[in-house]
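Residue numbers (the numbering used here), protein chains in the order written: chain A, 1 to 116; chain B, 117 to 226. Note that beta-carbon positions come from the ideal geometry of N, C-alpha and C, so glycine has one too. This report refers to the structure that appears directly beneath it.
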Amino acid sequence: DAGVIQSPRHEVTEMGQEVTLRCKPISGHNSLFWYRQTMMRGLELLIYFNNNVPIDDSGMPEDRFSAKMPNASFSTLKIQPSEPRDSAVYFCASSLRRTGGVEKLFFGSGTQLSVL
Amino acid sequence: QKEVEQDPGPLSVPEGAIVSLNCTYSNSAFQYFMWYRQYSRKGPELLMYTYSSGNKEDGRFTAQVDKSSKYISLFIRDSQPSDSATYLCAMISNDYKLSFGAGTTVTVRA
């Protein structure tokens, strides 16, 4: 299994530009998470999908952020317009959510975003 | 106050030493306790998980949970340079939201 695949690995953009991050979860997994990691705030959950449906987006910082999951094998996180404070590593994670068991998250390698 | 507090580190130890990592938490609803390992420029990977007080061993790794004190630990015996990474504790109640500690960076010197 290839694991969770994220693209691009690095993104450098200018303030005001649109940024789109992509994620392919592990085949068969039914939950998908977008996290952001910074030195100051650690790992923060942005949004959670279950069976392609957004369940909780309370962690999305503001309206500039949006996420979609059009099918079970693809998700995007979009920032429009981007700002320097959005600079961080963005991780996608997927899991197989089952009743009564611990949810084991599998993370991708992340996208390092730098907004100049 | 954060739900999960983790000793900040960093830790630097010689090869073969025992590494001790600690987290405290405030939410009594947490049921599952996990440790993730994150290598530089990689995503976190699940190392161990447990759901009861006591010890759980996996090779050189021991996870310890004390629910009465709201305290968890990870011990690494006979540490190796390949153990150099950031270790994050994580906890979950009965929903989907993992609460992560800030992470402790460990360097094992050869």
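Between the CA atoms of residue j and residue i - distance to the nearest angstrom
i	j	result
Gly-175(B)	Gln-17(A)	48 Å
Asn-52(A)	Asp-182(B)	37 Å
Ile-26(A)	Val-222(B)	29 Å
Thr-140(B)	Tyr-90(A)	26 Å
Leu-163(B)	Pro-54(A)	28 Å
Ile-5(A)	Leu-214(B)	21 Å
Residue-level contact to chain A via CB, residue i, 8 Å cutoff
i	result
Gly-219(B)	yes
Ile-208(B)	yes
Glu-161(B)	yes
Lys-213(B)	yes
Neighbour flag for residue i against chain B, beta carbons, 8 Å
i	result
Gly-28(A)	no
Tyr-48(A)	yes
Phe-74(A)	no
Ser-94(A)	no
Ser-149(A)	Residue 149(A) lies beyond the range of chain A shown here (1 to 116); nothing can be said about it.
Arg-97(A)	yes
Partners in chain B for residue i, counting only beta-carbon separations shorter than 9 Å
i	result
Lys-104(A)	Met-150, Leu-162 and Tyr-165
Phe-65(A)	The premise fails here: Phe-65(A) is roughly 18 Å from chain B at the closest Cβ pair, so nothing lies under 9 Å.
Arg-22(A)	Per Cβ cutoff of 9 Å: no residues; Arg-22(A) is ~15 Å from chain B at best.
Contacts that residue i makes with chain A (C-beta to C-beta distance below 8 Å)
i	result
Phe-216(B)	Gly-42 and Leu-43
Sheet register partners of residue i (DSSP bridge)
i	result
Lys-186(B)	Beta-bridge pairing links Lys-186(B) to no other residue.
Val-53(A)	Asn-50(A)
Phe-146(B)	Per DSSP, none; premise fails for Phe-146(B).
Asn-71(A)	Phe-74(A)
Pro-8(A)	Partner(s): none; Pro-8(A) has no beta bridge.
Chain A contact residues for residue i, given Cβ-Cβ distances below 7 Å
i	result
Lys-158(B)	Ser-109
Beta-carbon separation (whole angstroms), residue i vs residue j, contact threshold 8 Å
i	j	result
Ser-189(B)	Gln-196(B)	Actually they do not touch by this definition, with Cβ atoms about 19 Å apart.
Val-19(A)	Leu-113(A)	6 Å
Glu-119(B)	Ser-142(B)	6 Å
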